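Inspection log for the structure reproduced underneath, given as structure tokens.
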Amino acid sequence: MILLADAIDTAIIGKGLMIGGGFIGPGIGIGLIGGNYLQAVGRNPEAAKFLGQALVFVAIVELFALLAFASIFIVTK
Amino acid sequence: MNLIATKFIAATGPVTHIAPSALFYFHGLTITNSMLYGWICIVFMIILFVWAAHRMTIKPKKGIIQIIEVIADFIINTIETAFEDKQRARKYVPYFVTLFFFLLFNNWSGLLPFANDAFTAHGAPLLRPLTGDLNATLAAAIVTMIYVYVSSIRESGSFRKYLSHFFVGSPLNPMYLVLGLLEMLSDFTRVISLSLRLFLNIAIGEIIVAVFAYLGHAIAPLSAVAFYLIDMFDGALQAFIFTILTIMYLAIVVNHVTAHDEHEDLTDGATPETMGVFPQNGEVA
Chain L
1386 MILLADAIDT AIIGKGLMIG GGFIGPGIGI GLIGGNYLQA VGRNPEAAKF
1436 LGQALVFVAI VELFALLAFA SIFIVTK
Chain X
304 MNLIATKFIA ATGPVTHIAP SALFYFHGLT ITNSMLYGWI CIVFMIILFV
354 WAAHRMTIKP KKGIIQIIEV IADFIINTIE TAFEDKQRAR KYVPYFVTLF
404 FFLLFNNWSG LLPFANDAFT AHGAPLLRPL TGDLNATLAA AIVTMIYVYV
454 SSIRESGSFR KYLSHFFVGS PLNPMYLVLG LLEMLSDFTR VISLSLRLFL
504 NIAIGEIIVA VFAYLGHAIA PLSAVAFYLI DMFDGALQAF IFTILTIMYL
554 AIVVNHVTAH DEHEDLTDGA TPETMGVFPQ NGEVA
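Residue numbers (my numbering), protein chains in the order written: chain L, 1386 to 1462; chain X, 304 to 588.
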């Protein structure tokens, strides 16, 4: 009897799920940061000078996406 | 031309490197390719900045010196705005400006055509960027955080006063004790998050360039050039973020010190200053 897990390379499925799932959160997070930054600039154009601070938070959020990306090198069958 | 071709066109699958590989051994020490390139960058930096420092004038010059001046001025301004006291901020300028330039040069070093797979020794690339190596970024984060802790303790006055910053009230109150200990624990994760952020951004940036060069096949330079430019932006951004985050970690403690009286006992459990808790009976804190 051939097990399904033997026939399919589960590591590839795992990597795909990891990338897909791991990128959702940071994607939403960076979208929120960018959207709120633009909203702030729209309300008050003086707020445009806070782009540097917005980018700092983008980098903080981005770390979790990169951790998901790095994890695909650890997963093997 | 050949150098650029080996950078962009990967023949058999995307070639990726995560770990540094040993080049040679020196008295029991392993010299890796990232260390070698790091030293080359450091020597280049020293020569460039000594050369630039001898040519600095009050009236700005054109060219490379002006660019260095503008970047250094930008970092100095960032440090001075982070601290409430400019005189206090001036003390920390040399370390953080050096840190920024060190990271910037090492981040960009991996984008040069002779880096990575252009030259190989024993099947491993001869030169890899220093910040694309977790050992190097971890060392940078540890050294920087030790500097931040030592400076924080010196600014606070004593070790006991430094520890008292973690507690909003008296540590004898079990809730404040747990909150303070959690705060201390999250303080130690900064080393890990700083080093991982820098390493992953640089290493994965190179992997993505390699992957898109592989996908592009015959038109590899065209498909990879967009990610190459993103890498350039990202290298500068990560150097800035490493610097600004460590400045903020230091500024939080320093600004906390200046916000209080010198002789005020912060461990006094009577009035917590933060968390929206206000004293009862309408008395003014």
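From the three backbone atoms N, C-alpha and C, an ideal C-beta is built for every residue, glycine too.
On a predicted model such as this, the values are computed, not experimentally measured, just so you know.
Cutoff 8 Å: residue i Cβ touching any chain X Cβ
i: F1449(L); result: no
Beta-carbon neighbours of residue i, restricted to chain L and to distances below 7 Å
i: R493(X); result: Correct list: empty, because the minimum Cβ distance to chain L is about 11 Å.
i: S496(X); result: L1448
i: N504(X); result: L1451
Interface partners of residue i on chain X, CB under 7 Å
i: V1460(L); result: Under the 7 Å cutoff, chain X gives no residues; its nearest Cβ is about 14 Å from V1460(L).
Under the three-state DSSP convention, the category residue i falls into
i: D420(X); result: strand
i: I334(X); result: strand
i: A325(X); result: strand
i: Y452(X); result: helix
i: S473(X); result: coil
i: P363(X); result: coil
i: L407(X); result: helix
i: F386(X); result: coil
i: P524(X); result: helix
i: N1429(L); result: coil
i: D1394(L); result: coil
i: G460(X); result: coil
i: I533(X); result: helix
i: R358(X); result: coil
i: T1461(L); result: coil
Within chain X, the residues that residue i reaches when beta carbons sit closer than 8 Å
i: F1435(L); result: Near F1435(L) there are no residues of chain X at all, since even the closest Cβ is about 12 Å away, more than 8 Å.
i: V1426(L); result: In chain order: nothing, as chain X lies at least about 19 Å away.
Per DSSP, the bridge partner or partners of residue i
i: P428(X); result: T423(X)
Residues that residue i contacts on chain L, provided the C-beta gap is smaller than 9 Å
i: L548(X); result: V1441, A1444 and I1445
i: L499(X); result: L1448, L1451, L1452 and A1455
8 Å Cβ cut-off: residues of chain L touching residue i
i: Q541(X); result: A1444
Contact with chain L by residue i, beta-carbon distance below 8 Å
i: E509(X); result: no
i: I378(X); result: no
i: I544(X); result: yes
Where the segment 1405–1421 of chain L meets chain X: residues whose CB sits under 9 Å from a CB there: none
Chain L contacts made by the segment 316–327 of chain X, where a contact means CB separation under 7 Å: I321
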